[in-house]
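Just so you know, we're using this note's numbering here: the sequence shown kicks off at 52 and counts up by one. Beta carbons are placed, not taken as given, at the ideal position from N, Cα and C, and that holds for glycine. Note that the structure is a prediction, hence the values are computed from the model and not measured.
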Amino acid sequence: MTAYIIRRLLLMIPTLFGILLVTFVIVQFAPGGPVERVLAQLSGSDTGATSRISGGGGDLAGRQLQGAGQLDAGNSKYRGAQGLDPEFIKKLEKQFGFDKPAYQRFFIMVKNYLMFDFGRSFYRDIDVVDLIREKLPVSITLGLWTTLITYLVSIPLGIAKAVRDGTRFDTATSTLIIVGYAVPGFLLAIFLIVLFAGGSFWNIFPLRGLHADNWQQLPWYSQIIDYFWHITLPIIAMMVSSFATMTLLTKNSFLDEIRKQYVLTARAKGLSNRQVLYGHVFRNAMLIVIAGFAGAFVGAFFGSALLIETIFSLDGLGNLSFESVLNRDYPVVFANLYIFALVGLLVNLISDLSYTWVDPRIDFETREV
52 MTAYIIRRLL
62 LMIPTLFGIL
72 LVTFVIVQFA
82 PGGPVERVLA
92 QLSGSDTGAT
102 SRISGGGGDL
112 AGRQLQGAGQ
122 LDAGNSKYRG
132 AQGLDPEFIK
142 KLEKQFGFDK
152 PAYQRFFIMV
162 KNYLMFDFGR
172 SFYRDIDVVD
182 LIREKLPVSI
192 TLGLWTTLIT
202 YLVSIPLGIA
212 KAVRDGTRFD
222 TATSTLIIVG
232 YAVPGFLLAI
242 FLIVLFAGGS
252 FWNIFPLRGL
262 HADNWQQLPW
272 YSQIIDYFWH
282 ITLPIIAMMV
292 SSFATMTLLT
302 KNSFLDEIRK
312 QYVLTARAKG
322 LSNRQVLYGH
332 VFRNAMLIVI
342 AGFAGAFVGA
352 FFGSALLIET
362 IFSLDGLGNL
372 SFESVLNRDY
382 PVVFANLYIF
392 ALVGLLVNLI
402 SDLSYTWVDP
412 RIDFETREV
């Protein structure tokens, strides 16, 4: 097992390198960039996300404007550079690191990333690591609780549906989870706000944030209550649609195993339904459920939280990534991508290793990576 883990960890290096390389190449051909963004702000034509960030791109453009000479830039490669001093354009390129060839910038980035040095944000006067650390609690809250509750509810429910296949319980629960799956998360979030957060009906739950303003002054038990009070609606909005996929996957996996010959043999030997279900069927049926854990966790942690963060005014990694792409804030974009990919690979490895916990017969040492 140790050799397999080492091989998987070593395989992450070329995988991360390839992800960064492909993304870097795509970015080189994408229209716009940080230099053009500043030039657009100087000319007053910027309508991007930076113009809405307090202390961000707008302030940066104002500081740059003080040093911008009004000379003809000639045939500049940047749109909006006409009428500006070419020396000023060169200073901007040096500030953003674009005074070097693309291949040099890429290998400098890879070298720094190996040491988890992600540089500084182009449009916020802060290190990227500090910026991500600031947004991380929101993403951890949404991703962790969504995944945990989804699995804790969906797996027992899927097993119960498989055991009671075709009954009224199975039909009723299938109807409910399919309806939940059909409702988009953002639409459910708006409905919950209208219903429970001071809309047209009750004002039970808070509308924004992870905790109250006086959270630090509360006793520890009140802090826990306040925390769960604030995250109830966002978590419900995120996890309802996930129930359908995980529940039906669990049910179908258990049904497939229950119909196999070894189950009939176990019952013929006099084993009870509970012994057959949890002693023989469970470890085989759960393999396919475990296989989907990595995707479900990373998706809940990073991918599907953007609209929920926006609706509930939660400033997490989803919102940060979106704004960074709009702003061409490349250090933040690549740092988020690097962390997302690394976490995804590590979770995938943990998911594979959990196979041996569910079914000790699986031996990764005898297979190739």
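Collapsing the DSSP output to three states places Asp380 in coil. For the set Leu388, Tyr278, Asn254 and Thr201, the Cα lying nearest the Cα of Asn265 is the one of Tyr278.
Checking the DSSP bridge columns, you'll see Arg171 partnered with Asp178. Under DSSP, Ala54 forms no beta bridge with any residue. Counting along the chain, Ile286 sits inside the alpha helix (DSSP H) bounded by residues Trp271 to Ile309. Between Gly231 and Val291, the gap from beta carbon to beta carbon is short of 8 Å. Checking the DSSP bridge columns, you'll see Asn254 partnered with Ala248. Between Leu328 and Ala319, the alpha-carbon positions lie close to 14 Å from each other. A contact between stretches requires three or more CB pairs, one per stretch, nearer than 8 Å, and the stretch 301-310 fails this requirement with the stretch 257-277.
Linking Ile390 to Val179 through their CA atoms gives a straight-line distance of about 12 Å. Looking at the backbone, the Cα of Leu187 and that of Leu67 are separated by about 21 Å.
Straight-line measurement puts the Cα of Thr316 at about 47 Å from the Cα of Pro65. In the structure shown, the three-state DSSP call for Asn265 is coil. Taking a 10 Å sphere around the C-beta of Thr53, we find fewer than 16 other C-beta atoms and assign the residue as exposed.
Taking the CA atoms as reference points, Ser402 sits about 14 Å from Tyr202. Residues Leu300 and Ser304 of the same chain have their beta carbon placed closer than 8 Å to that of Ile339, with the five preceding and five following residues left out of the count.
In the structure shown, Val234 adopts coil according to DSSP, grouped into three states.
Ranked by how close their Cα comes to the Cα of Phe147, the residues Ile229, Phe242, Gly170 and Thr407 have Gly170 in first place.
When DSSP states are grouped into helix, strand and coil, Asp216 belongs to the coil group. DSSP places Pro152 outside both helix and strand once states are collapsed to three, so it counts as coil. Ser172 and Ala81 have their C-alpha atoms spaced approximately 19 Å apart. The three-state reading of DSSP puts Phe363 in coil, since its state is none of H, G, I, E or B. With contact defined as three or more Cβ pairs closer than 8 Å, the stretch 381-399 and the stretch 198-215 are not in contact.
From the listed residues Gly321, Ala240, Leu306 and Tyr381, the smallest Cα separation to Ala356 is found for Ala240. CA-to-CA, the gap between Trp280 and Gly260 works out to about 10 Å. DSSP, reduced to helix, strand and coil, places Lys145 within a helical segment of the structure shown. Around Phe294, the same chain offers Thr201, Val204, Ser205, Leu208, Ile228, Gly231 and Tyr232 as residues with beta carbons nearer than 8 Å, after the five sequence neighbours per side are excluded. Exclusion of the five residues before and after Leu306 leaves Ala213 and Asp216 as the residues of its chain whose Cβ lies within less than 7 Å of its Cβ.
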